[in-house]
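Q:
Structure (structure tokens):
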């Protein structure tokens, strides 16, 4: 659910301008934060991460799960690959291109620091370097078939021995 005090159209517009939307209070308190986050967003786009949007809210919603709803709506309303919504007490990350497992893994470092720039850099780094979700299904299938063949041979030999001993 999107809290009443969240203006999704305004946030989506700000993300469309420079991929960073900043709460007024936070922006006034930390005047270089937006510029620093724009640099992180630019670096993410130039790496294998893809396009990134970052929203910094002044307050954490009562229901922190609302952060994910906000991020999801902004992902839908923009052409970004990934959206991070950060609030003082929590954060949420959604993506069309990165697996939920990779995001959850990277989100740990994002939430592990109060430095929004460092946390976002760590998220990008963790997700970009993550091997979570990168399963080689072909190799897994081959090993599964080998294991199944071994199990069939062992079961067949066991049945044959029992039949001979009777």
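Numbering (my numbering), first residue to last: 3 to 168. Here a beta-carbon is modelled for each residue, glycine too, at the ideal position from N, C-alpha and C.
(1) Rounded to whole angstroms, what is the Cα-Cα separation between residue 39 and residue 45?
(2) For residue 44, name the three-state secondary structure that DSSP assigns.
(3) Below 9 Å between beta carbons: does that hold for residue 91 and residue 58?
(4) Per DSSP, which one or two residues make a beta bridge with residue 1?
(5) Any contact between the stretch 68 to 77 and the stretch 6 to 14? By contact I mean 3 or more CB pairs, one from each, below 8 Å.
(6) Helix, strand or coil, according to DSSP, for residue 93 in the structure here?
(7) Starting from the C-beta of residue 123, find all residues in its chain whose C-beta is less than 6 Å away, skip the five residues before and the five after it, and write them out in chain order.
(8) Taking the beta strand (DSSP E) that residue 58 belongs to, which residues open and close that run?
(9) In terms of residues, what are the limits of the alpha helix (DSSP H) holding residue 126?
(10) Which term fits residue 97, buried or exposed, when burial requires 16 or more other beta carbons within 10 angstroms of its beta carbon?
(11) Residues in its own chain within less than 8 Å of residue 115 by CB, not counting five upstream and five downstream?
A: If we stick to the structure as given:
(1) 10 Å
(2) helix
(3) no
(4) Outside the displayed range of the chain (3 to 168) lies residue 1, so it cannot be described from this structure.
(5) yes
(6) strand
(7) 42
(8) 54 to 58
(9) 118 to 131
(10) buried
(11) 121, 124
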